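If you read the protein sequences in the order shown, they are chains V and P.
According to the working numbering, the first sequence holds residues 1 to 398 in order.
According to the working numbering, the second sequence holds residues 1001 to 1275 in order.
Written out below as structure tokens is the structure these notes cover.
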Amino acid sequence: MIRENVATSFQETQTYVEPATETRAALVVRGLSKWFGSEQVLDDVSFSLAEGESLVLLGPSGSGKSTTLRLIAGLEAPESGEIFLHGRHIEHLPARERNVGVIFQNYALFPRMTVAENIGFGLRIRGIGKKRRHEVVERLLAMIGLHGQRDKYPAQLSGGQQQRVAIARALAYEPELLLFDESFSALDPKIRVTLRGEIRALLKKLRVPALFITHDQEEAMELGDQVAILNGGRLEQIGTPREVYNNPQTEFVATFVGAANVVEACWRDGHIAIDCTQCPETAASARKMERSKLVFRPEDITLGLPTGLVETPYHLGRGRVVDVSFNGATETLRVQLQQRRQPGALTSVVPARSCGMEADSPCDLVIRVVRSKWDAERLPLAVGAPVSVGLRSYKTLS
Amino acid sequence: MAHNRSNLRHGVDVARPLGIGFILAAMLPLVILPLASIFIFGFSKGPVHFWDALMTPAALFSLRLSLMTSSVATICNVIFGLIAAWVMSKYAFKGSSALMIIISLPTAIPTAVAGFALLLVWGRNGLLGQFLEHTDYQIMFTTAAIILANIFVTFPLAFGVIKPALDNLDTSYEEAAETIGATRWQTFRYVVLPSLRGALVTGALLTFARSIGEFGSTIMVSGNLALKTQTAPLYIFTKFNEGDVEGANAIAAVLAILSFAVFSLILFTRQKLEK
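Laid out in structure tokens, this is it:
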């Protein structure tokens, strides 16, 4: 009962926050499932994409994100589920009748056609006359800034140029949706960042809804108005990049989108506590204890001198630095937390005052901490240094 | 790129001159001398003599017939090879590997056996030939028989080149064409076919090269009638048997040159078109 209530109120807030209701959505995917032989690669996946927005399907390889894209494009057929494009049922249509533009991972530019012929292909097969075709191709070439390359062949272009041609080729026949299949993974990291920015600006200008596929969480954050995280064929969470990062609903989302510390924790007398071993089931208060997981980001930790308390809402007690690495703008540390000796006596996260100064013994709980350059300069820490560990915010997962 | 390993070592690498020397020594009596002798003997009595031997009606006819029958067989086998490669590459079906073997079989069969087999089918009392017996149409001992024999012995050559090219063609090109809105035919016509250009040309040249020199099956099915069903290789054989070495030599030289030309073209297309 309680769970249901929570679920409904959550959905209501989502509807309120996000105006993309199904009637206004450009793309609606409902209950999509797909098997390859006896293996289920997609399990009841549903999401929608608003007009002019971009959605990123993020997940590791084998999560079903590419399959989802291929189902929407019409290159695979689903076992069950529905796909609507601007209110039109499309899951039974062949790919050529869906009016969807796909930018493939290798761009799949036709090797025997010039850049201009590639871009004009969609119009040519639709029987559009030479003159009109020429106009459209010239306009698109100007848009992607490759006017000088119109008569070159794909093999003569750089990866970034090929990607732009692939986008122009898809835009030429004015598709209702653009699908990008890991379109940045083949590019040089520096070009990748520049192109992402360009494509985002272009999509906002053209107001074409776009679906991206990636395993790169940084890319997902940058490109997506919404990010959907897939794992093992299931949709784990969908939301804005901010929501997904700050409010992960599952451990997978927490660790896949950005770095996260996930530690075992349990509730005790209204406080949450972390431990290295197991929650003492035999304790008198066992019934009131509920096992849970505590998630916090490396940047949520503040380190201080072991003699003082750090000015943060919560405390994790004391620890010892076991590793320091310099990343430029930030510094990453690994800190081993120290635990009080008595079994069952847990280091409280809430409230701070329970973090006593008793004799500590090391435990094998090591957390990851990221500090800004300035914090690192203010309190330089070397391997072996004792610290007190403060926590600014955390989330619990059931 | 192509660093010669022996350059990196100190001193003289003996294996290199010895190895090259061995290859040349082995090839001299086996390949190089026989080829060279065609030209040495062909022109030994002067180019005028060579020209006269070549310009006899029977010699010219045999060359024309060889070119014609080989071209027809080439066209047939390239078309067949393209369709067969498409089917075998795109569709998985029961017995497809057995079909693969049957398609590839004809080159493994001795050409005389192939010719004999054709006789058994199209001959007067053959499986299919018996139905032609009382009509005006005859297959055996005509140009059609030569073409049939050529098709048979070169059957899998074009297929063998086109099939791997089609297998290696990234399916994303076809998928891209499909999402752009192309029909299957348009995808084939504008995307697949241009990508197979090199394989088609190479396959055609291989078939032609093999076909133009065909002897064993042709002599079985053609009847070797001068000015009727005598191809260039049969002409060489016949003239030599009759003791006309010059006549045989002239056509042999022309065939050899033709083969060099086709072979160079194959190397050229491999380099230029298949990429």
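Note that beta-carbon positions come from the ideal geometry of N, C-alpha and C, so glycine has one too.
Here the structure is a predicted model, which means the values were calculated and not measured.
- At a cut-off of 8 Å between C-beta atoms, glycine 101 of chain V counts as an interface residue with respect to chain P.
- If you compare the alpha carbons of V/Val193, V/Ser372, V/Leu177 with that of leucine 27 of chain V, the shortest gap goes to V/Leu177.
- Taking 8 Å as the cut-off, the Cβ atoms of proline 111 of chain V and serine 1195 of chain P count as close.
- Chain V has no Cβ within less than 8 Å of the Cβ of serine 1070 of chain P.
- Threonine 1107 of chain P has a beta carbon lying at 8 Å or more from every beta carbon in chain V.
- In terms of Cα proximity to phenylalanine 1260 of chain P, the closest of P/Ser1089, P/Ile1212, P/Ala1085 is P/Ile1212.
- Beta-bridge partners of glutamate 264 of chain V (DSSP): V/Lys293.
- Within the stretch 1204 to 1253 of chain P, the complete alpha helix (DSSP H) segments at least 4 residues long are 1216 to 1222, 1232 to 1242, listed from N- to C-terminus.
- For the C-beta of aspartate 1167 of chain P, not a single chain V residue is nearer than 9 Å; the gap to the nearest is close to 16 Å.
- Taking C-beta separations shorter than 8 Å and ignoring five residues to either side along the sequence, the partners of leucine 1157 of chain P in its chain run Asn1077, Gly1081, Thr1107, Gly1203, Leu1206, Thr1207, Arg1210, following chain order.
- Sequence-ordered contacts of the stretch 110 to 141 of chain V with chain P read Phe110, Pro111, Arg112, Phe121, Gly122, Ile125, Arg126 [C-beta pairs closer than 7 Å].
- Using a Cβ-Cβ distance cut-off of 8 Å, the stretch 1159 to 1175 of chain P and the stretch 1220 to 1240 of chain P are not in contact, since fewer than three pairs of beta carbons, one from each stretch, lie closer than that value.
- In the DSSP annotation of this structure, the continuous segment of the alpha helix (DSSP H) that includes arginine 164 of chain V starts and ends at 159 to 171.
- Isoleucine 238 of chain V carries a strand assignment under DSSP once its states are collapsed to helix, strand and coil.
- Taking the Cα positions, lysine 152 of chain V is about 9 Å away from methionine 113 of chain V.
- With its beta carbon less than 8 Å from one in chain P, arginine 96 of chain V belongs to the interface.
- Note: isoleucine 103 of chain V is bridge-paired with V/Phe180 in the DSSP secondary-structure output.
- Assigned with DSSP and collapsed to three states, arginine 334 of chain V falls in strand.
- Segment contact: the stretch 71 to 81 of chain V against the stretch 228 to 239 of chain V, fewer than three CB-CB distances shorter than 8 Å; contact not assigned.
- For phenylalanine 1131 of chain P, the secondary structure class from DSSP, reduced to helix, strand or coil, is helix.
- DSSP lists V/Ser54, V/Leu178 as the bridge partner or partners of alanine 210 of chain V.
- Shown here for isoleucine 1146 of chain P: same chain residues with a beta carbon closer than 8 Å to its own, the five before and five after excluded, namely Leu1065, Thr1069, Thr1218, Val1221, Ser1222, Thr1229, Thr1231 in chain order.
- Contacts with chain V (Cβ-Cβ distance below 8 Å) from the stretch 1169 to 1189 of chain P involve Asp1170, Ser1172, Tyr1173, Glu1175, Ala1176, Ala1177, Glu1178, Thr1179, Ile1180, Gly1181, Ala1182, Thr1183, Gln1186, listed in chain order.
- Its chain contains Ile103, Phe212 as the residues whose beta carbon lies nearer than 6 Å to that of phenylalanine 180 of chain V, once the 5 sequence neighbours on both sides are disregarded; these appear in chain order.
- Secondary structure of glycine 319 of chain V (DSSP, three-state): strand.
- Listed in chain order, the non-local C-beta contacts of glutamine 161 of chain V below 7 Å within the same chain comprise Leu146, Gln149, local neighbours out to five positions each way being set aside.
- Apart from the 5 residues on each side of it in sequence, glutamate 1133 of chain P sits with its Cβ closer than 7 Å to the Cβ of Arg1124 in its chain, given in chain order.
- The C-beta of lysine 205 of chain V has fewer than 16 other C-beta atoms within 10 Å across all chains shown, which makes the residue exposed.
- Per DSSP, reduced to three states, the secondary structure at proline 380 of chain V is coil, with no helix or strand assignment.
- Counting only Cβ-Cβ distances below 8 Å, phenylalanine 104 of chain V has contacts in chain P at Ser1172, Glu1175, Ala1176, in chain order.
- Of the residues assessed, aspartate 1167 of chain P falls on the exposed side of the cut-off, its CB having fewer than 16 other CB atoms within 10 angstroms.
- Look at valine 1191 of chain P: its C-beta is under 8 Å from a C-beta on chain V.
- Not flagged as an interface residue toward chain P: alanine 228 of chain V, since no C-beta distance is shorter than 8 Å.
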